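Trainee: Start counting at 1 in the sequence shown, then tack on 1, and there's your number in this note's numbering.
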Amino acid sequence: MKLEISKVVRGCRLGLLNITGQSEQHSLEVPGCLLYTRCATVPHLTQDTLHTLHNLPAVTQVTLESLAEHQEVLEEFKHGVRKFAGLHDTLLFCSLRDPAAPHPAGHVTNKTVSVWGSGGRIEMSVARFMAMQAAVQPDVYESMADGETWPENTTRKRVRKAVERTLSHLDECLELHHKAQELKGSDIFGVVEGGDILEERLRSARETAKRPVAGFVLDGFQTTSMEQDLREKLISAVTTELPQEKPRLLRGVGRPDEIIACVEAGVDLFEGFFPFQVTERGCALCFKYTITPDPETSGTSPPTVLESNGYEPAVEQLKENGDSSPENMTQFEMNLKDTRYRNDFRPLVDGCSCYCCKNHKRAYVHHLLVTNELLAGVLLMLHNTAHYLGFFHALREAVANDRLQDLKSKVLQ
Ligand SMILES: [Zn+2]
Numbered sequence: 002m003k004l005e006i007s008k009v010v011r012g013c014r015l016g017l018l019n020i021t022g023q024s025e026q027h028s029l030e031v032p033g034c035l036l037y038t039r040c041a042t043v044p045h046l047t048q049d050t051l052h053t054l055h056n057l058p059a060v061t062q063v064t065l066e067s068l069a070e071h072q073e074v075l076e077e078f079k080h081g082v083r084k085f086a087g088l089h090d091t092l093l094f095c096s097l098r099d100p101a102a103p104h105p106a107g108h109v110t111n112k113t114v115s116v117w118g119s120g121g122r123i124e125m126s127v128a129r130f131m132a133m134q135a136a137v138q139p140d141v142y143e144s145m146a147d148g149e150t151w152p153e154n155t156t157r158k159r160v161r162k163a164v165e166r167t168l169s170h171l172d173e174c175l176e177l178h179h180k181a182q183e184l185k186g187s188d189i190f191g192v193v194e195g196g197d198i199l200e201e202r203l204r205s206a207r208e209t210a211k212r213p214v215a216g217f218v219l220d221g222f223q224t225t226s227m228e229q230d231l232r233e234k235l236i237s238a239v240t241t242e243l244p245q246e247k248p249r250l251l252r253g254v255g256r257p258d259e260i261i262a263c264v265e266a267g268v269d270l271f272e273g274f275f276p277f278q279v280t281e282r283g284c285a286l287c288f289k290y291t292i293t294p295d296p297e298t299s300g301t302s303p304p305t306v307l308e309s310n311g312y313e314p315a316v317e318q319l320k321e322n323g324d325s326s327p328e329n330m331t332q333f334e335m336n337l338k339d340t341r342y343r344n345d346f347r348p349l350v351d352g353c354s355c356y357c358c359k360n361h362k363r364a365y366v367h368h369l370l371v372t373n374e375l376l377a378g379v380l381l382m383l384h385n386t387a388h389y390l391g392f393f394h395a396l397r398e399a400v401a402n403d404r405l406q407d408l409k410s411k412v413l414q
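1. Would you say the segment 177-191 touches the segment 222-240, given that touching needs at least three Cβ pairs under 8 Å?
2. Can residue 350 be considered in contact with ligand 1, in the sense that its beta carbon sits closer than 7 Å to one or more heavy atoms?
3. What does residue 115 pair with, by DSSP beta-bridge criteria?
4. Within 10 Å of its beta-carbon, does residue 107 have 16 or more other beta-carbons around it, so buried, or fewer, so exposed?
5. Using beta-carbon positions only, say whether residue 12 and residue 140 come within less than 8 Å of one another.
6. Using a threshold of 7 Å, is the CB atom of residue 384 nearer than that to any non-hydrogen atom of ligand 1?
7. Hey, is the segment 53-72 in contact with the segment 29-41, meaning 3+ C-beta pairs nearer than 8 Å?
8. Identify the continuous beta strand (DSSP E) that holds residue 64 and give its terminal residues.
9. Exposed or buried, which one is residue 96 when buried takes at least 16 other CB atoms within 10 Å?
10. Where residue 361 and residue 348 are concerned, what is the direct C-alpha to C-alpha distance, given to the nearest angstrom?
11. Is residue 388 near ligand 1, going by C-beta to nearest heavy atom under 7 Å?
12. Go to residue 30, then tell me how far its beta strand (DSSP E) extends in each direction, as first and last residue.
13. When you compare each of 154, 160, 134, 156 to residue 148 by their alpha carbons, which one comes out closest?
14. Is it buried or exposed, residue 245, if we count other Cβ atoms within 10 angstroms and call 16 or more buried?
15. Just the C-alpha distance for residue 416 and residue 395, rounded to the nearest angstrom, thanks.
16. Thinking C-beta only, is residue 212 closer than 8 Å to residue 251?
17. Since residue 166 is in the alpha helix (DSSP H), which residue starts that stretch and which ends it?
18. Against chain C, does residue 195 count as a neighbour if the rule is that its beta carbon must be under 8 Å from one of theirs?
19. Within its chain, find whatever has a CB closer than 7 Å to the CB of residue 109; leave out the 5 residues flanking it on each side and keep chain order.
20. Answer with buried or exposed for residue 327, where buried requires no fewer than 16 other C-beta atoms within 10 angstroms of its C-beta.
21. Compute the minimum distance between the beta carbon of residue 13 and the heavy atoms of ligand 3, and state whether it is under 7 Å.
22. Hey, would you say the C-beta of residue 40 is under 7 Å away from at least one heavy atom of ligand 1?
23. Over the uninterrupted alpha helix (DSSP H) stretch that includes residue 391, give me the two end residues.
24. Report the option in 129, 261, 188 whose CA atom is closest to the CA atom of residue 413.
25. Throw me the rounded Cβ distance for the residue 416 and residue 117 pair, which I believe falls under 8 Å.
26. Starting from the C-beta of residue 292, find all residues in its chain whose C-beta is less than 6 Å away, skip the five residues before and the five after it, and write them out in chain order.
27. Can you say whether residue 78 is buried or exposed, counting buried as having 16 or more other CB atoms within 10 angstroms of its CB?
28. Touching or not, the segment 352-368 and the segment 376-384, by the rule of three or more beta carbon pairs under 8 Å?
29. With 16 other CB atoms within 10 Å as the buried threshold, where does residue 367 fall?
30. Considering residue 210, what are the terminal residues of the alpha helix (DSSP H) in which it resides?
31. Using CA atoms only, rank isn't needed, just tell me which of 20, 200, 334 is closest to residue 289.
32. Starting from the N-terminal side, write out each stretch of the beta strand (DSSP E) that is 3 residues or longer and does not extend beyond the segment 194-278.
As structure tokens, this is what we get:
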């Protein structure tokens, strides 16, 4: 894995991450996001409908949490999740947990962590975790970590313990990694913990950076786990400690305003779960991200995004990162279940080139939502994914052209 940074502007890193996976090589532009899946499938979409979208991320995220119940089947299958799920033209990044699912706290020990499948809790030791990785056969995966520092009032002692356990899990994972034939050619990311305590964050970053890892996952910064100002301050401190040539992926942050702030703090990669959460609450992303073209670079910007229709929903604090319920709607989306869209014959977003916007109107998607038709989820997921990927494209253009401030004003408008 090689990260080539072409430009750094006020903390934002623009570059290309070249990954030689288990069998093929792909490149991922940074700042960028991974393609979100559940059970190795983009929710609502078949591979055919997914590939109507252009410029999909070269890396798909799968989670042990959604695959743990299928361990025996995957072991019997022997060829890994990519073949099992019929995914093509993509690399796999395997995370421990689903970023869009809630996680009850209080189920970790010195030697184990827990994930939640449809049948309940599954306890993972490092041995089981690594056996799962050998069955999944990802190109990149994050080491096992104790990330339970997000509940409010987590004590300093508990945070210190999380850092120690995570380093110890990483050492054990690295030892087993080198012995596993199935993981030859795979890379491992170390997980940086430390809650909201600066010294622990720095210790975790420095110690993890001493290990032979290909990149870093910054954990415990999930939306609602801490105030944005503190998050930015801690991430900036952590990224200063990390080697410049290795990528940093931030877990659990997906809102466009938070993405921009975290890119300024030195983050390269994000999980792409936000469009799914928006889809699940019957909403469509409609925020603007096109800045007035610079005469020197005109023609390279994404299509113009017009007003939704002046409707500004109330911004509510997300209760939990995994919550996709309607009351957690953000100012970046419109609620198509609202009766105001019953006779609105415009596309979701004017100028959007996704299948939904080219072929359907807001009124039709409203009708599908209120009659509980499955097609509503398909159309919304297509549009929301296209809109979100368009935003990341605009973000990279803004960094390349020194226009991040303009993008920020536009997105927050
Ligand atoms: Zn669209």
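All residues carry an ideal CB built from backbone N, CA and C; glycine is no exception.
Note that the structure is a prediction, hence the values are computed from the model and not measured.
Mentor: Working from what's here:
1. no
2. yes
3. 124
4. exposed
5. no
6. yes
7. yes
8. 60-64
9. buried
10. 6 Å
11. yes
12. 26-31
13. 160
14. exposed
15. Only positions 2 to 414 of the chain appear in the structure, and residue 416 is not among them; the question remains open.
16. no
17. 157-180
18. Protein chains in the displayed structure number just one, and chain C is not present.
19. 115, 147, 149
20. exposed
21. As for ligand 3, it is missing from this structure, which binds only ligand 1.
22. no
23. 375-401
24. 261
25. Past the edges of the chain, shown from 2 to 414, lies residue 416, and the structure says nothing about it.
26. 404, 407, 408, 411
27. exposed
28. yes
29. buried
30. 199-211
31. 334
32. 216-219, 249-251
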